[in-house]
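See below for the structure under consideration.
Protein chains: 2
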Amino acid sequence: MLNSILFYSLDKAIRSYRRLAQANIDRAGLDITIDQWLVLRVLLEHDDLTQHEIAERVFKDQASVARMLALLTKRGLLSAVPLPQDGRRTQLRVTEQGQQMLDAVHPIVLDNRATALAGLAEDELAVLQQLLERIALNCTPAIS
Amino acid sequence: MLNSILFYSLDKAIRSYRRLAQANIDRAGLDITIDQWLVLRVLLEHDDLTQHEIAERVFKDQASVARMLALLTKRGLLSAVPLPQDGRRTQLRVTEQGQQMLDAVHPIVLDNRATALAGLAEDELAVLQQLLERIALNCTPAIS
DNA sequence: GCAGGAATTATGATGTATCATAAAGTTTAC
DNA sequence: GTAAACTTTATGATACATCATAATTCCTGC
């Protein structure tokens with residue numbers, strides 16, 4: 001009965017994937033969560049984002065991002081140096097250790113994706129992605 | 001770049017939906033979370049499940065379910081009476097108040113689904129659901 | 001320049017996710 | 001019958017989700 005509900009399937013797919021992904025990271029002896037990994041990944045590309053901008057990119061909220069940044073910094077994967085031109089912000093940079101972590105996690109992530117999407121054709125994935133985007137759009141209140 | 005990653009879209013779709021759903025429930029002045037609602041819904045149909053069985057049905061884990069049951073009971077939406085034939089378990093029943101909550105939330109949930117799935121055809125939904133099930137299956141380690 | 005508003009970050013409160021484990025009850029083997 | 005194995009539930013620890021709000025700092029209009 002629950003099985004017939006689309007959002008149940010959606011939830012199940014995402015959680016199954018997250019469990020698989022985290023299990024494989026743990027198994028490799030790497031001490032990082034997939035959420036932290038995602039944030040670190042974004043910061044590698046852009047080191048000039050506000051917490052709000054980071055949150056938008058990883059689809060979380062600012063409060064969650066603030067706590068993840070604090071954790072990543074505490075763990076030495078990220079450095080935060082006060083910005084002279086804006087007393088509120090800091091310059092966020094992935095550290096050497098953070099870079100090593102990203103490097104170590106990368107092949108695992110690729111492997112996870114391959115496992116999760118095994119047997120799905122390119123065009124199926126395209127359709128899936130497009131439908132998901134439409135749902136997300138439907139659920140997002142118009143800004144104007 | 002992130003946008004091209006399927007799991008990012010998956011995550012985004014589910015979270016958009018959850019935010020929409022919770023916002024509408026809050027707006028109606030109803031004090032319940034969608035997760036609690038789901039558990040309550042299951043208990044209405046089956047009042048003889050162990051926490052582990054409930055967890056399987058709502059795709060959560062036993063620890064989460066235990067805490068949600070405690071909350072629901074504290075809020076008077078659920079009653080838990082010790083079972084004579086098994087000293088570990090309790091008989092879980094949705095209370096009158098819980099029933100009223102379910103009744104109040106139901107139309108909102110229907111409305112949320114309609115909003116989220118607007119413009120998607122029946123056959124598109126079928127495809128989507130089938131693809132999601134396959135992903136979930138791929139991510140679930142074989143039991144044997 | 002300065003007052004009011006906006007942006008940025010931090011944090012409290014509450015709820016859920018996950019793993020691990022403890023505590024208590026039940027079943028099975030013998 | 002009892003010891004060992006198994007079930008069931010509760011809870012500790014840590015992390016993320018969300019809303020609200022406080023505390024700074026910056027910017028803008030005047």
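In order, the protein sequence lines correspond to chains A and B.
Residue 97 in UniProt numbering sits at position 97 of the first sequence, with consecutive numbering throughout.
Residue 26 in UniProt numbering sits at position 26 of the second sequence, with consecutive numbering throughout.
Built from N, CA and C at the ideal position, the CB exists for glycine as well.
Going by beta carbons, Gly-119(B) and Thr-95(B) fall outside the 8 Å limit.
DSSP places Arg-89(B) within a strand segment (E or B) once states are collapsed to three. Within the region 121-140 of chain B, Glu-124, Leu-125, Val-127, Leu-128, Gln-129, Leu-131, Leu-132, Glu-133, Arg-134, Ile-135, Ala-136, Asn-138, Cys-139 and Thr-140 place their CB atoms closer than 7 Å to a CB of chain A, listed in sequence order.
Uninterrupted alpha helix (DSSP H) stretches at least 4 residues long and entirely within the region 34-86 of chain A occur at 34-45, 51-58 and 62-74, given in chain order. Interface with chain B (8 Å Cβ-Cβ cutoff): Ser-9(A) is included. Residue burial is scored here from C-beta neighbours: Gly-87(B) has fewer than 16 other C-beta atoms within 10 angstroms and is therefore classed as exposed.
A straight line joining the alpha-carbon of Leu-40(B) with that of Leu-72(B) spans about 8 Å. Ile-14(B) has a beta carbon lying within less than 8 Å of a beta carbon in chain A.
In this chain, Asp-31(B) is not harboured by any alpha helix (DSSP H), its DSSP state being neither H nor E. Spanning the alpha carbons of Leu-49(A) and Leu-43(A) requires a straight line of approximately 8 Å. The closest CA to that of Lys-60(B), considering only Ile-14(A), Asp-103(A), Asn-24(A) and Ala-121(A), is found on Ile-14(A). Under the Cβ criterion of 8 Å, Leu-20(B) is counted among the residues facing chain A. With respect to chain B, the C-beta atom of Thr-50(A) has no partner C-beta closer than 8 Å.
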